[in-house]
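Inspection log for the structure reproduced underneath, given as structure tokens.
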Amino acid sequence: MLKQPKLQPSALTNKYELTWDFEIQVDGVDIVVPKYFRYDGASIPAVAWQITFTPFHPDIMMPALVHDWLFYNHQVDREQADDFLYQLLRQNGVDNLRANMIWGAVRAGGHFFWDNDEEDKEFLRKLYRLVKNRPNINRYHFPQEIVNTA
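Mapped onto my numbering, the consecutive letters of the sequence shown carry residue numbers -9 to 140.
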């Protein structure tokens, strides 16, 4: 199992919040998810939990965190973000069948969530304001639109 993020649950938002920056390299790409980033685990429908995982299963929490951050910041394109999810699932101990099912599901439905809506952008602006004075701010790869409007 790869190193795991330090998370705390938030009862108010029903999400997990990162308590430290999480850094990982995938295929030579440095990805840094900022402290305070919140996410809802893996977006797996309840009907699929029996054959894959629940949204907060330890084997999928870290790959889902990285994938969600890449969907917010668009540091890489969607296909690469999905491929990184697959790689991280496998490196984190998920068997090939389950990793392929999850990869196939995000390839099939991820386009509905790729573009940030206004709620996503406001979340990113708030997050950017929390971390903008850090010396490593550029490593987070916030979208330029967010940097310009935060």
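Every residue, glycine too, gets a C-beta built ideally from N, C-alpha and C. Only a predicted model underlies this, so the values are computations on that prediction, with no experimental measurement involved.
{"Check": "With three or more C-beta pairs closer than 8 Å as the rule, is the region 66 to 86 touching the region 115 to 130?", "Outcome": "no"}
{"Check": "Roughly how many angstroms lie between the CA atoms of Phe27 and Asp105, to the nearest whole one?", "Outcome": "18 Å"}
{"Check": "Can you confirm whether the region 55 to 75 touches the region 94 to 101 when touching is taken to mean that 3 or more C-beta pairs between the two stretches lie within less than 8 Å?", "Outcome": "yes"}
{"Check": "Looking only at DSSP bridge pairs, what is Gln15 linked to?", "Outcome": "Asp20"}
{"Check": "Suppose you measure from the CA of Asp11 to the CA of Met91; what does that come to, to the nearest Å?", "Outcome": "29 Å"}
{"Check": "Using alpha carbons as the reference points, say which of Lys(-7), Lys5, Leu114 and Lys111 lies closest to Gln15.", "Outcome": "Lys(-7)"}
{"Check": "Opposite Pro(-1) in the DSSP bridges: which residues?", "Outcome": "Tyr6"}
{"Check": "In whole angstroms, what is the alpha-carbon distance linking Asp72 and Asp30?", "Outcome": "17 Å"}
{"Check": "Please work out which residues of its chain come closer than 6 Å, Cβ to Cβ, to Arg129, disregarding the five sequence neighbours upstream and downstream, and give them in chain order.", "Outcome": "Val22"}
{"Check": "Exposed or buried, what is Met52 when buried is set at 16 or more other beta-carbons lying within 10 Å of its beta-carbon?", "Outcome": "buried"}
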